[in-house]
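**Q** One point on numbering: in my numbering, the residue at position 95 of the sequence shown is 217, and numbering is uninterrupted. Yeah, the Cβ is synthetic: ideal placement off N, Cα and C, and Gly gets one too.
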Amino acid sequence: MSNKVILRGPPVSLANLAFGKRCISRVLFLCIFIFVAAAISGCNDDVNNKQEQAEAMPVKVFKIKEQEFPVMGQYVAQIEALKTVDIRARVQGHLKERHFEEGQVVSEGQLLFVLMIAPMKRL
């Protein structure tokens with residue numbers, strides 16, 4: 123047994139090669155023709171654009187520059203805290219000093235008030 127491969131097909135001749143070259147040249151000619159036709163048809167839009175520009179309505183144009191714009195507003199409203207605490211003294215007396223501002227967060231053990239000592243001594 124021999125390991126020969128025999129390929130069978132149409133014989134290749136110069137005429138067949140010439141036909142392939144003609145086919146390629148025709149496709150190339152067709153592509154160039156389509157490109158030129160598209161380019162020429164695009165030139166007609168200039169006439170239409172001039173007519174559209176003549177019919178355009180005049181508008182005002184403003185130049186804009188970047189700047190900071192504060193977002194503020196004044197509104198009439200009432201707000202209420204989610205958690206409130208009532209502070210009551212264990213003894214009667216007059217306040218000498220207050221060591222916190224209304225709405226300030228305070229912690230446990232922080233000095234809040236100083237009472238006048240003179241009325242306390244009388245008791």
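Can you give me the start and stop residues for the beta strand (DSSP E) that R212 sits inside?
**A** Careful: R212 lies outside any beta strand (DSSP E) and carries neither H nor E.
**Q** Should M238 go down as buried or exposed, given a rule of 16 or more other Cβ atoms within 10 Å for buried?
**A** So M238 counts as exposed.
**Q** Does the distance from the C-beta atom of F235 to that of E219 stay below 8 Å?
**A** Result yes, Cβ atoms of F235 and E219 sit closer than 8 Å.
**Q** So who's on the other strand from F235, going by DSSP bridges?
**A** Paired residue(s): R220.
**Q** Could you give the distance in angstroms between the alpha-carbon of A203 and the alpha-carbon of G225?
**A** Rounded to whole angstroms, A203 to G225 spans 9 Å at the Cα level.
**Q** According to DSSP, is I201 part of a helix, a strand, or is it coil?
**A** Coil, per DSSP.
**Q** Just verifying my parser: in three-state terms, what is the DSSP assignment at A161?
**A** Helix.
**Q** To the nearest angstrom, how far is it from the Cα of M227 to the Cα of E190?
**A** Before going on, a small fix: residue 227 reads as Val here, not Met. Near 33 Å, if we compare the C-alpha coordinates of E190 and V227.
**Q** For a quick check, are the C-beta atoms of H221 and L233 less than 8 Å apart?
**A** Yes, the Cβ-Cβ distance between H221 and L233 is below 8 Å.
**Q** S198 to D208, Cα distance in whole Å?
**A** In the sequence on display, residue 198 carries Val and not Ser. Going from the Cα of V198 to the Cα of D208 covers about 26 Å.
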